[in-house]
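Okay, so here's the structure we're looking at.
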Amino acid sequence: MATTFIRIRTLLSQARRQPSWESINELATDVRRRRLVAFRLRGDGSSIDHYMSIRSISRMINLMRDLELIRSLPGGLIQVTPKGANSLSSEDAFARQIRSSVKSLLQKKQLPLSTITQTILGITLPDVPNPETIYEALPVANPPIDRETFRKLLYLLACSDGIERSIKVLYT
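The opening residue of the sequence shown carries number 137 in our numbering; numbering runs sequentially from there.
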């Protein structure tokens, strides 16, 4: 199963195949129809043909728009931005662009990375700095980003070496 980071890169590559798309739904439908491996889900194991829904792919495209990798044009058209196109030149370029885009989006939402890292440093045992705990501890009454988007942004930042992510494996 592919990560959000890989899926965004795959979506960006697919979106670049045409100068523009009629809508987010058209791009999402095209990606779903192509049955790209990056969008295959584990499912229950009864079938290998279990793919992300058009709605889930559309939400990912909306996140890409927030990250300024794609943009909306008049009439509902969407297209890859120059930043998005340039990021596809290499894995390093893609990681740099994701890191920059996430930091920029957080800044626009008035949640700069410095605030997030200070929040992380303030979390002490028995709490751990997972996305949920960090979100709850933010020094903002009503964070301008929902929990799920915040979690995705932290994950993308970690994938692009913008923040360290430690994973512990526990067996029960």
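Here a beta-carbon is modelled for each residue, glycine too, at the ideal position from N, C-alpha and C. In this text the structure is predicted, and so the values were computed from the model without any measurement.
The region 225-232 makes no contact with the region 240-257, as fewer than three CB pairs between them are under 8 Å. By the criterion of a C-beta distance shorter than 7 Å, Leu213 is surrounded in its chain by Ser156, Trp157, Glu158, once the five residues flanking it on both sides are discounted. Going by DSSP, Ser240 is part of no beta strand (DSSP E) but of the alpha helix (DSSP H) stretching over 227-244. Rounded to whole angstroms, the Cβ separation of Pro275 and Thr260 is 16 Å, and the two are not in contact under 8 Å. In this structure, Ile197 sits near Ile206, with a CB-CB distance shorter than 8 Å. Across the structure, Ser296 and Ser236 are spaced so that their CA atoms are roughly 9 Å apart. Judged by DSSP secondary structure, Ile206 falls within the beta strand (DSSP E) whose first and last residues are 206-208. When secondary structure is reduced to three states using DSSP, Gln154 falls in the coil class, being assigned neither helix nor strand. Of the other Cβ atoms in all chains shown, 16 or more fall within 10 Å of the Cβ of Gly298; this residue is therefore buried. If you compare the alpha carbons of Ile144, Ala174, Met200, Phe286 with that of Gln246, the shortest gap goes to Phe286.
Leu199 and Pro262 have their alpha carbons spaced roughly 33 Å apart. Rounded to the nearest angstrom, the gap between the Cα atoms of Arg153 and Arg145 is 13 Å. Val264 carries a coil assignment under DSSP once its states are collapsed to helix, strand and coil.
With a 10 Å radius around the Cβ and a threshold of 16 neighbouring Cβ atoms, Arg143 comes out buried.
Between the alpha carbons of Phe141 and Ala294 lies a distance of about 10 Å. Using a Cβ distance threshold of 8 Å, Val216 and Leu292 do not count as a contacting pair. CA-CA distance, Glu268 to Gly211, rounds to 38 Å.
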